[in-house]
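For reference, the structure is listed below as C-alpha coordinates.
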Amino acid sequence: TGAELTGANLSGADLSGANFYDANLYQANLSGANLNIANLHRADLVDADLSNADLSGADLSGAFMLNTNLREANLIGADLSRSNRTTADFTGATMPDGTKYAGK
(Lines of atoms letter the chains of each structure in order from A and count residues from 1; the text may use other names and numbers.)
(Lines give C-alpha, C1' and ligand atoms only; values in the text may rest on other atoms or scores of the structure.)
Protein backbone atom coordinates (compact mmCIF):
# COMPACT_ATOMS: atom_id res chain seq x y z
CA THR A 1 0.00 0.00 0.00
CA GLY A 2 2.98 2.31 0.54
CA ALA A 3 1.38 3.70 3.72
CA GLU A 4 3.33 6.36 5.65
CA LEU A 5 3.40 5.21 9.29
CA THR A 6 6.70 6.62 10.55
CA GLY A 7 6.75 6.52 14.35
CA ALA A 8 3.21 5.13 14.58
CA ASN A 9 2.18 3.54 17.88
CA LEU A 10 0.42 0.29 16.98
CA SER A 11 1.47 -1.54 20.13
CA GLY A 12 -0.82 -4.46 20.91
CA ALA A 13 -3.02 -3.82 17.86
CA ASP A 14 -4.78 -6.66 16.03
CA LEU A 15 -3.39 -6.28 12.51
CA SER A 16 -3.88 -9.87 11.43
CA GLY A 17 -3.90 -10.08 7.63
CA ALA A 18 -3.15 -6.36 7.22
CA ASN A 19 -1.52 -5.14 4.00
CA PHE A 20 1.63 -3.13 4.73
CA TYR A 21 3.19 -3.74 1.31
CA ASP A 22 6.01 -1.20 0.77
CA ALA A 23 4.87 0.70 3.90
CA ASN A 24 7.13 3.06 5.83
CA LEU A 25 7.09 1.84 9.43
CA TYR A 26 10.37 3.53 10.39
CA GLN A 27 10.59 3.76 14.20
CA ALA A 28 7.04 2.40 14.56
CA ASN A 29 6.00 0.67 17.78
CA LEU A 30 4.41 -2.68 16.92
CA SER A 31 5.36 -4.41 20.16
CA GLY A 32 2.93 -7.15 21.07
CA ALA A 33 0.92 -6.58 17.89
CA ASN A 34 -0.86 -9.42 16.09
CA LEU A 35 0.58 -9.39 12.55
CA ASN A 36 -0.37 -12.98 11.76
CA ILE A 37 -0.32 -13.52 7.96
CA ALA A 38 0.24 -9.77 7.41
CA ASN A 39 1.84 -8.56 4.18
CA LEU A 40 5.01 -6.62 5.07
CA HIS A 41 6.73 -7.22 1.73
CA ARG A 42 9.36 -4.49 1.14
CA ALA A 43 8.27 -2.65 4.30
CA ASP A 44 10.70 -0.22 5.97
CA LEU A 45 11.00 -1.54 9.53
CA VAL A 46 14.24 0.28 10.35
CA ASP A 47 14.45 1.06 14.10
CA ALA A 48 10.94 -0.39 14.59
CA ASP A 49 9.90 -2.29 17.72
CA LEU A 50 8.26 -5.64 16.97
CA SER A 51 9.16 -7.26 20.27
CA ASN A 52 6.68 -9.94 21.35
CA ALA A 53 4.75 -9.47 18.09
CA ASP A 54 2.98 -12.39 16.40
CA LEU A 55 4.39 -12.47 12.87
CA SER A 56 3.46 -16.09 12.20
CA GLY A 57 2.89 -16.65 8.50
CA ALA A 58 3.71 -13.01 7.70
CA ASP A 59 5.35 -12.00 4.42
CA LEU A 60 8.51 -10.08 5.35
CA SER A 61 10.25 -10.78 2.06
CA GLY A 62 12.36 -7.86 0.91
CA ALA A 63 11.74 -5.96 4.17
CA PHE A 64 14.35 -3.58 5.59
CA MET A 65 14.95 -4.58 9.22
CA LEU A 66 18.02 -2.63 10.30
CA ASN A 67 18.19 -2.20 14.09
CA THR A 68 14.71 -3.69 14.30
CA ASN A 69 13.71 -5.13 17.69
CA LEU A 70 12.22 -8.59 17.15
CA ARG A 71 12.94 -9.90 20.66
CA GLU A 72 10.60 -12.75 21.63
CA ALA A 73 8.63 -12.35 18.38
CA ASN A 74 6.81 -15.32 16.85
CA LEU A 75 8.03 -15.78 13.26
CA ILE A 76 6.80 -19.34 12.67
CA GLY A 77 6.12 -19.78 8.96
CA ALA A 78 7.14 -16.19 8.14
CA ASP A 79 8.87 -15.45 4.83
CA LEU A 80 12.16 -13.60 5.46
CA SER A 81 13.58 -14.14 1.98
CA ARG A 82 15.51 -11.25 0.43
CA SER A 83 15.06 -9.17 3.60
CA ASN A 84 17.89 -7.04 5.00
CA ARG A 85 18.07 -8.04 8.65
CA THR A 86 21.81 -7.95 9.38
CA THR A 87 21.44 -5.74 12.50
CA ALA A 88 17.98 -6.90 13.64
CA ASP A 89 17.70 -8.25 17.19
CA PHE A 90 16.06 -11.69 17.18
CA THR A 91 16.97 -12.55 20.79
CA GLY A 92 14.51 -15.15 22.08
CA ALA A 93 12.42 -15.03 18.90
CA THR A 94 10.82 -18.16 17.48
CA MET A 95 12.18 -18.41 13.95
CA PRO A 96 10.25 -19.48 10.80
CA ASP A 97 11.29 -23.13 11.27
CA GLY A 98 10.04 -23.15 14.90
CA THR A 99 13.46 -22.98 16.56
CA LYS A 100 14.36 -20.37 19.17
CA TYR A 101 16.98 -17.84 18.08
CA ALA A 102 20.08 -18.46 20.17
CA GLY A 103 22.73 -16.00 19.04
CA LYS A 104 23.27 -12.65 17.43
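Position one of the sequence shown corresponds to residue 118 (the numbering used here), numbered consecutively onward. Ideal Cβ placement from N, Cα and C applies to all residues, glycine included.
The beta carbon of residue 136 lies closer than 8 Å to those of 118, 155 and 156 in the same chain, with the five residues before and after it left out. When the alpha-carbon of residue 131 is set against those of 149, 168 and 165, the nearest one is in 149. Note that the C-beta distance between residue 145 and residue 126 is below 9 Å. Around the beta carbon of residue 200, 16 or more other beta carbons sit within 10 angstroms, so the residue counts as buried.
As for any alpha helix (DSSP H) of minimum length 4 sitting wholly inside the segment 169–210, there is none.
If the five residues before and after residue 133 are omitted, its C-beta is found closer than 6 Å to the C-beta atoms of 151 and 153, all from its own chain and listed in chain order. The beta carbon of residue 164 is closer than 8 Å to those of 143, 144, 183, 184 and 185 in its chain, skipping five residues each way along the sequence. Our two residues, residue 190 and residue 121, have alpha carbons roughly 23 Å apart in a direct line. Rounded to the nearest whole angstrom, the C-alpha separation of residue 162 and residue 123 is 9 Å.
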